[in-house]
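K.L.:
For the sequence shown, the residue numbers in our numbering are 1 to 615. Structure incoming, see below.
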Amino acid sequence: MCGIVGYVGKSAATPILIEGLRKLEYRGYDSAGIVTQSDHSLNVRKTVGRIANLQDLLAHEPLEGSIGISHTRWATHGAVNRENAHPHFDQSGRLALVHNGVIENYQKLRDELIEKGEIFYSQTDTEVVAHLIGRIFEKNGKRDRAGLIEAIRHALRQVIGTYGIAVIHADVPGVIIGARHGSPLVLGIGNGEHFLASDVSAIVPHTHDVVYLNDYDIVSLQEEGFEIDTLAGSGADYRISKVEFTAADISKGDYPHYMLKEIFEQPNSVRDAMRGRLSVEEATAKLGGLEMSNSELRSVERLVFSGCGTALHAGMVGEYLVESLAHIPTECEFASEFRYRNLPMTRDTLVFVITQSGETADTLAALRESRRKGHRTLGICNNVASSIARESDGGVYMHAGPEIGVAATKSFTAQLVIMNLLALLLGRIHHLSHADGLRMISELEKLPDLVAKTLEVNEQVRRIACKYARAKSFLFLGRQFNYPVAVEAALKLKETSYIAASGHPSAELKHGIIALVSPEVPSFFIAPEDAVFEKNLSNIEEVKARQGPVVAIGTEGNKSLARIADDVILIPEAPDYLTPILAVIPLQMLAYHTAVELGCDVDKPRNLAKSVTVE
Ligand code: G6P
């Protein structure tokens, strides 16, 4: 949700900033802007739309300077236009600021500033922060780095909301100041150059030494060094970390889109999610990051999963898994509703928040609310250095590697693997026998190969996608473990192809949804040979009886589906609890190929952002 990149060093700033913004484009792509400092002045370029537009503009109107800050926007306050694109300036026009987050009291601050004579040029919440800092800076009269830091500190005390900001001032040459509260910021430490970004992917082509800033940190970067303190001035506690992944990990490689690359990475990401976590000796899963003994886990009476979007759907599968394998009452709750629903939770309720990015504002709010109530709250995260990873009481990393495509794919299957590990661990503490545990381990170990085998349906799914791409809506239906997969499939299609789609338990069809069935509306049934296969078959018959086209996802070797469905996509045989991991793959492919067929921007769908850091 908005991306920030800053650079100070000896090289030309513009190419580094543009390249960095490209890496952060998944965070928003409504507009983009860049400001560099040279000869005691600031020079700015802004465009509406993708980074490519800004790059085109810079080709005609280049910017000099070896220091600058830049931004890619996902609009919250104010329309998508040039005026609202960052950077924003103070009244003097000598201070520029880029911001990720939401300033909740911006209207009040703006009214006060207007009363004092300040003139605003945008409808954004961000511009008030630039004016506020600039005003204090001018008033204090200390036109140096310390003066700028002081002004930022002072201004941010008046701000309510979330921010990751980067600031430069024409009168303070060679200095970038960054500060954060609620929105991520990472400092990159190079040799005679420093970087600031919302996400490490913008920094990793240049250096692997980074500092993940904490909330209320303020950092100042110069060519030759950096300083980190807290906004209160109490001295920051920071650590230099090594980034594990390389620039190659975040490139598209030979794939036309990140989404396709990430779908095809799933044999590895599924393997990595369970690597070192299966103990044959004890016939259980080892999840050391939970930091809970078996007796503590045994006293857990209830589990709550919470997350947004795809992560929520993984929690929904988790609900079925934990209840059926471990017999522990489990609930899955929208993170965005967690606080407002005020879920009654007994003392021994364990809460898990699930999130790829670890930065989703709604999920972070759920985590904080759960901890505030005194519940042990664990994170299932992909992004190791994220706010949620750091604020939770422990948890499990997905190890899925960087996921760049906005539509989540490999993070979902990694989350499902972790749900299985959790169910195995809790199951073994309760009623699962040693033999049951060993059986489940052996099935899990086969999974990466089964995922690889499932990828072979890609060409068939592409043809099916082309056949139905122009349908005006889609239905996805599944039962038990695969009901959440139906919901996830509908989300994928909506996200990438902008087609109305919904996912339901197959049996719900007859309670209203069946009214939608017609020759123009394809129904996709997830119907592997599991405990509910026969039931699914009856529901397919109901759709066919009403001339609805049916595509079924079934188990290899199955004959009965081919007799009634128009198309059948076969996935390898697996135990019921693992079928979601396999069944979702053709549905991810369906969303991908439909989007390609319709000419949609697969990796950057309209109106979306991968990391939603506002409520
Ligand atoms: C956004 C994205 C979704 C994603 C959700 C949760 O809404 O568009 O694709 O599933 O956030 O993201 P998280 O990073 O918390 O898993």
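Note that CB positions come from ideal geometry on N, CA and C, so glycine has one too. Quantities reported herein were computed from a predicted structural model and do not represent experimental measurements.
Run the proximity test for Q356: is its beta-carbon closer than 6 Å to any non-hydrogen atom belonging to the ligand G6P?
P.N.:
Checking every heavy atom of the ligand G6P against the Cβ of Q356, one is found closer than 6 Å.
K.L.:
Could you tell me the boundaries of the beta strand (DSSP E) in which K227 lies?
P.N.:
In the sequence as presented, Lys is not what sits at residue 227; that position holds Glu. First-last of the beta strand (DSSP E) with E227: 226-230.
K.L.:
With C-beta atoms as the reference, is T72 less than 7 Å away from G117?
P.N.:
The answer is no: Cβ separation not under 7 Å.
K.L.:
Classify P15 as buried or exposed, calling it buried when 16 or more other Cβ atoms lie within 10 Å of its own Cβ.
P.N.:
Result: exposed.
K.L.:
Nearest CA to the CA of V35: which residue from N105, L260, I18?
P.N.:
Comparing Cα-Cα distances from V35 to each of N105, L260, I18, the minimum goes to I18.
K.L.:
Provide the residue(s) that pair with R180 in DSSP beta bridges, ordered along the chain.
P.N.:
In DSSP, R180 forms a bridge with G164.
K.L.:
If we cut at 7 Å on Cβ distances, does T330 have a partner in chain D?
P.N.:
The chain labelled as chain D is not found in the depicted structure, where only one protein chain is given.
K.L.:
Could you tell me how far apart the beta carbons of H40 and D171 are, in whole angstroms, since I believe they sit closer than 8 Å?
P.N.:
With a Cβ gap of about 7 Å, H40 and D171 count as contacting.
K.L.:
Short check: CB of L475 to CB of S506, under 7 Å?
P.N.:
Contact flag unset, no.
K.L.:
Could you say if the region 244-261 and the region 45-64 meet the contact criterion of at least three C-beta pairs nearer than 8 Å?
P.N.:
Output reads no: the region 45-64 does not touch the region 244-261.
K.L.:
Go ahead and pull the three-state DSSP assignment for P505.
P.N.:
In the structure shown, P505 sits in a strand (DSSP, three-state: E or B).
K.L.:
On the DSSP letters alone, give me the boundaries of the alpha helix (DSSP H) that N536 sits inside.
P.N.:
First-last of the alpha helix (DSSP H) with N536: 533-544.
K.L.:
What does the Cβ neighbour count give for Y320, buried or exposed, with the cut at 16 atoms within 10 Å?
P.N.:
Y320 comes out buried.
K.L.:
Write down the C-beta distance between A273 and C308 rounded to the nearest angstrom, noting that I regard them as a contact closer than 8 Å.
P.N.:
Not a contact, Cβ separation roughly 20 Å.
K.L.:
Report yes or no: do the region 298-317 and the region 345-358 share at least 3 C-beta pairs separated by less than 8 Å?
P.N.:
Output reads yes: the region 345-358 touches the region 298-317.
K.L.:
When DSSP labels each residue in this structure, what does A273 get in the three-state scheme?
P.N.:
Reduced to three states, the DSSP call for A273 is helix.
K.L.:
Taking the alpha-carbon of D125 as reference, which of G3, H99, L57, H181 has the nearest alpha-carbon?
P.N.:
Residue H99 is the option with its Cα nearest to D125.
K.L.:
For G6, does the count of other Cβ atoms within 10 angstroms reach 16, so buried, or fall short, so exposed?
P.N.:
Per the 10 Å Cβ criterion, buried.
K.L.:
Classify Y121: buried if its beta carbon has 16 or more other beta carbons within 10 angstroms, exposed otherwise.
P.N.:
With fewer than 16 other Cβ atoms within 10 Å, it is exposed.
K.L.:
Assuming I176 contacts L132 (C-beta within less than 8 Å), just tell me the rounded distance between them.
P.N.:
With 8 Å as the limit, I176 and L132 do not qualify as a contact, their Cβ atoms being about 18 Å apart.
K.L.:
In the structure shown, what three-state DSSP assignment does A574 receive?
P.N.:
A574 falls in the coil class under three-state DSSP.
K.L.:
Cβ of V612 within 6 Å of any heavy atom in the ligand G6P?
P.N.:
Yes.
K.L.:
Please classify H313 as buried or exposed, where buried requires at least 16 other C-beta atoms within 10 Å of its C-beta.
P.N.:
H313 should be labelled buried.
K.L.:
With H, G and I counted as helix, E and B as strand and the rest as coil, what does DSSP make of H60?
P.N.:
In the structure shown, H60 sits in a helix (DSSP, three-state: H, G or I).
K.L.:
Ends of the beta strand (DSSP E) at N43?
P.N.:
Counting along the chain, the beta strand (DSSP E) containing N43 begins and ends at 41-48.
K.L.:
Whole angstroms are fine: how far does the CA of Y592 sit from the CA of T613?
P.N.:
C-alpha separation (whole angstroms): 25 Å.
K.L.:
Check whether the Cβ atoms of A311 and T349 lie closer than 7 Å to each other.
P.N.:
Going by C-beta atoms, A311 is not nearer than 7 Å to T349.
K.L.:
Would you say G395 touches the ligand G6P, meaning its beta carbon is less than 6 Å from a heavy atom?
P.N.:
Outside the cutoff, so no.
K.L.:
Is any heavy atom in the ligand G6P found nearer than 6 Å to the beta carbon of L608?
P.N.:
Within the cutoff, so yes.
K.L.:
Tell me the DSSP secondary structure of L325 in three-state form.
P.N.:
Helix at L325.
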